[in-house]
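Contents: one structure, followed by commentary.
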Amino acid sequence: MATLVEVKNVTKVYHRDTLEIPVLQNISLDVPEGEFLALMGPSGSGKTTLLNLISGIDQPTSGAIVIAGTDISRLNESALAKWRSRNIGFVFQFYNLLPVLTAYENVELPLLLTNLTKKERKERVEMVLKVVGLDDRMEHYPKQLSGGQQQRVAIARAVVTDPTVLIGDEPTGDLDRKSAEEILTLLERLNKEFKKTIIMVTHDPHAAQSARIIRHLDKGELTAN
Amino acid sequence: MNVLKLIYKNFLRHKLRSLLTMLGIAVAVLAFGLLRTVVTSWSYGVEASSANRLITRHAVSFIFPLPYSYRSQIEAIPGVTKVSFANWFQGTFKDQRFENFFPRVAVDPETIFDVYTEYTVPQEQLTNFKKQRNSCIVGKKLVEKYGFKIGDIINVTGDIYPGEWQFVVAGVYSGKDKSADETQMFFQWEYLNERSRQVASWATDHVGWYIIQIGNMNEAPAVSEAVDAIFANSAAKTKTETEKAFQQSFVSLSGAIITSLELVSYVIIGIILMVLANTIIMSARERIREYAVLKTLGFTSFHIVGLIAGESLFISMIGGTVGLLLTFPICQGFGAQFSTLFPVFKVAVSTMVMAMSFAVLVGVVAAIFPAYRSARMTIVDGLRQIG
Chain A
1 MATLVEVKNV TKVYHRDTLE IPVLQNISLD VPEGEFLALM GPSGSGKTTL
51 LNLISGIDQP TSGAIVIAGT DISRLNESAL AKWRSRNIGF VFQFYNLLPV
101 LTAYENVELP LLLTNLTKKE RKERVEMVLK VVGLDDRMEH YPKQLSGGQQ
151 QRVAIARAVV TDPTVLIGDE PTGDLDRKSA EEILTLLERL NKEFKKTIIM
201 VTHDPHAAQS ARIIRHLDKG ELTAN
Chain B
226 MNVLKLIYKN FLRHKLRSLL TMLGIAVAVL AFGLLRTVVT SWSYGVEASS
276 ANRLITRHAV SFIFPLPYSY RSQIEAIPGV TKVSFANWFQ GTFKDQRFEN
326 FFPRVAVDPE TIFDVYTEYT VPQEQLTNFK KQRNSCIVGK KLVEKYGFKI
376 GDIINVTGDI YPGEWQFVVA GVYSGKDKSA DETQMFFQWE YLNERSRQVA
426 SWATDHVGWY IIQIGNMNEA PAVSEAVDAI FANSAAKTKT ETEKAFQQSF
476 VSLSGAIITS LELVSYVIIG IILMVLANTI IMSARERIRE YAVLKTLGFT
526 SFHIVGLIAG ESLFISMIGG TVGLLLTFPI CQGFGAQFST LFPVFKVAVS
576 TMVMAMSFAV LVGVVAAIFP AYRSARMTIV DGLRQIG
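Chains A and B, in that order, are what the protein sequence lines are. If you read the first sequence in this note's numbering, its first letter stands for residue 1, the second for the next number, and so on. If you read the second sequence in this note's numbering, its first letter stands for residue 226, the second for the next number, and so on.
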């Protein structure tokens, strides 16, 4: 399979006042198209930072990140925002749904940045909500849904634009075992059935088993395959 | 769904906070509108004054009378087409309460409605007014307020001109347009002059001021100079000026009050700006994480600024509109209550434009700081926020 995500000699250093905090050191990583990669590592190892860099919500201090042929480390803020809207689907640990919007409206949100008509948006939203098994909860607000259901809405929101890469930052971290299993099954299905490339950060070895590739990060360095 | 719906839903997130802020803006706009209307109505006489009327008064002060004998000399000046005259009578009607005050003026019945063409009186009533020495003509608003009818007797207790005075209502005048003062009572100068021989001899055969009608408004400076030149060496020197300048001199007497009212009206806008800014800052701070999520989804800083400014404008515009709509009935009630103090009390177009402009301005300015901060925030920092 062709390489979809290329992380080339990436270093990330945060600055807090005069203090320099190196988080990632000369990281290189390739993710083939259609793969399901789990990034594991202890707290502070830099896995979320790496995820943020791959998803274009943060910029590396040095090195390059090439996704589907685009070096996103060279894009300015507005170009990066546009790129994210088309190429990245992000699933957060704490769902991050907008509480004032229904499940349907939350999923529709990224589509407002596209040129789709209302009817086309409706078809897409209904389709992905059906895929995640929440087509009967479209008009429910987040507070009316369980944690697992909210995360499924978040996944629907992440895939509704048919992004190049689906990013998950501890997507099961806030869920009970049963709900976590449902989410992992859903992610596996998206990877296998819909050929979605997935990069997921997790603490949980059991969750990581859902992925086909597991990489470990420790103190800002990739340690083993 | 669209962005406007998201703005609306965000507005409803804290209903009580949003409604109270909106109500605050409505009250502020109402207060602004009322104060501005007081300011503009205060100087209504200046706006309503005629360009082809001059007023001649005593050079020292308006309170000193001028000899009646000046009249024929003024009439002889080239450019003058008509000369009328009047005396301020004052007196007390019913009681000393302010709401029962209205201007009571002794006038020349033969000429007064010729120079004040903005007032109309039915011909028959005017004829009766001219015939009966102690008759009077009252404004339409006085009729509406006190229910005066033709033939009624109005009792007034004199102060400048002591004694009990009785005036018979001979007619009712009305204005040709809404800017005309319909709260005055005109009675015959001859009646005043006749009785002043017993009660105020200093005023006998004297008038308060002359009203000079000129054919061409461009001749106003020349005619004014000519009038004052004639009486330059008299015991009672004159000062002649346009009616507008004359009215302006009255308004300027209360200039400090008017300036204070204007200042207060702007202070109110300033206060409500702080209130709205506080609300928007609180709302934006609570939603920092949501803005970061929106940015992650591909929304730009421009979108975030739009959401914050949109909500701020939504609150300020709705509040402003409600306030403006309330201004009309409140001003109407206020105007009716103080109709004799403010003969014309209506919300000026400029006031409406200013009120709504301020509402928009407040909405925009209140959003600047939170919008700027949210736009500058990085996604990573935003996602770290708790709440």
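Cβ atoms here follow ideal geometry from the backbone N, Cα and C, with glycine treated the same way. As the structure is a computational prediction, the values presented were derived from the model and not from experiment.
Can you name, in chain order, every residue of its own chain whose Cβ lies under 6 Å from the Cβ of residue i, other than the five neighbours on each side?
i: G388 of chain B; result: V424
i: Q610 of chain B; result: I513, R514
i: F36 of chain A; result: N191, I198, A211, R212
i: P60 of chain A; result: V10, K12, L53, S73
i: F354 of chain B; result: P334, S360, I362, A395, G396
i: I385 of chain B; result: Q315
i: E450 of chain B; result: none
Quick one: what's got a C-beta closer than 7 Å to residue i's C-beta in the same chain, skipping five residues either side?
i: A64 of chain A; result: K8, D71, S73
i: S274 of chain B; result: E468, K469, Q472
i: K242 of chain A; result: Outside the displayed span of chain A (1 to 225) sits residue 242 of chain A, for which this structure offers no information.
i: V107 of chain A; result: V125, V128, L129, V153, A156, R157, V160
i: D204 of chain A; result: T172
i: I494 of chain B; result: A253, F257, F583, V587
i: V340 of chain B; result: R278, K307, S309, I436, Q438
Within 10 Å of its beta-carbon, does residue i have 16 or more other beta-carbons around it, so buried, or fewer, so exposed?
i: W427 of chain B; result: exposed
i: T565 of chain B; result: buried
i: A301 of chain B; result: exposed
i: F318 of chain B; result: buried
i: H40 of chain A; result: The sequence shown places Met at residue 40 of chain A, rather than the His named in the question. Its Cβ being crowded by 16 or more others within 10 Å, M40 of chain A is buried.
i: I250 of chain B; result: buried
i: T202 of chain A; result: buried
i: T306 of chain B; result: exposed
i: Q209 of chain A; result: exposed
i: F314 of chain B; result: buried
i: G535 of chain B; result: buried
i: L248 of chain B; result: exposed
i: N235 of chain B; result: buried
i: T185 of chain A; result: exposed
i: G69 of chain A; result: exposed
i: T18 of chain A; result: exposed
Hey, residue i and residue j: beta-carbon distance below 9 Å or not?
i: K196 of chain A; j: L175 of chain A; result: no
i: P595 of chain B; j: S477 of chain B; result: no
i: V159 of chain A; j: G89 of chain A; result: yes
i: P347 of chain B; j: F411 of chain B; result: no
i: G544 of chain B; j: T246 of chain B; result: yes
i: V578 of chain B; j: L538 of chain B; result: no
i: A284 of chain B; j: K462 of chain B; result: yes
i: E221 of chain A; j: L51 of chain A; result: no
i: E407 of chain B; j: G364 of chain B; result: yes
i: G599 of chain B; j: I529 of chain B; result: Looking at the sequence shown, residue 599 of chain B is not Gly but Ser. Contact flag set, yes.
i: K401 of chain B; j: T345 of chain B; result: yes
i: E444 of chain B; j: G304 of chain B; result: yes
i: T336 of chain B; j: S309 of chain B; result: yes
i: I497 of chain B; j: I533 of chain B; result: no
i: L75 of chain A; j: V31 of chain A; result: no
i: T429 of chain B; j: T281 of chain B; result: no
i: A601 of chain B; j: S485 of chain B; result: Reading the sequence as shown, one finds Arg at residue 601 of chain B and not Ala. No, they are not a contact pair.
Determine the chain A residues that contact residue i at a beta-carbon separation under 7 Å, and present them in chain order.
i: K234 of chain B; result: V100, L101
i: V572 of chain B; result: Near V572 of chain B there are no residues of chain A at all, since even the closest Cβ is about 37 Å away, more than 7 Å.
Listing by chain order, which chain B residues have their CB less than 8 Å from the CB of residue i?
i: D58 of chain A; result: T603, I604, V605
i: P22 of chain A; result: Result: empty, since nearest Cβ-Cβ is about 16 Å, beyond 8 Å.
Using DSSP with H/G/I as helix, E/B as strand and the rest coil, what is residue i?
i: M247 of chain B; result: helix
i: F567 of chain B; result: coil
i: N26 of chain A; result: strand
i: R358 of chain B; result: coil
i: L217 of chain A; result: strand
i: G63 of chain A; result: strand
i: K195 of chain A; result: coil
i: Q93 of chain A; result: coil
i: K130 of chain A; result: helix
i: P292 of chain B; result: strand
Just to make sure I have the definition right: I need the residues of chain B whose C-beta is within less than 7 Å of the C-beta of residue i. Which are they?
i: S85 of chain A; result: L522, G523
i: F90 of chain A; result: T521
Closer than 8 Å by C-beta to residue i: which residues in its own chain qualify, once you throw out the five before and the five after it? Chain order, please.
i: A573 of chain B; result: R261, T262, T265
i: I183 of chain A; result: G148, Q151, R152, I155, P171, T172, L175
i: Y95 of chain A; result: P142, G147, Q150, Q151, V153, A154, D174
i: M109 of chain A; result: First, the amino acid is wrong: residue 109 of chain A is Leu here, not Met. Contacts found: L98, L101, R157.
i: A2 of chain A; result: P32, E33
i: S78 of chain A; result: none
Run through chain A and tell me which residues come within less than 8 Å of residue i, C-beta to C-beta.
i: N227 of chain B; result: L112
Using a cut-off of 9 Å between C-beta atoms, extract the partners of residue i located in chain A.
i: R238 of chain B; result: P99, V100
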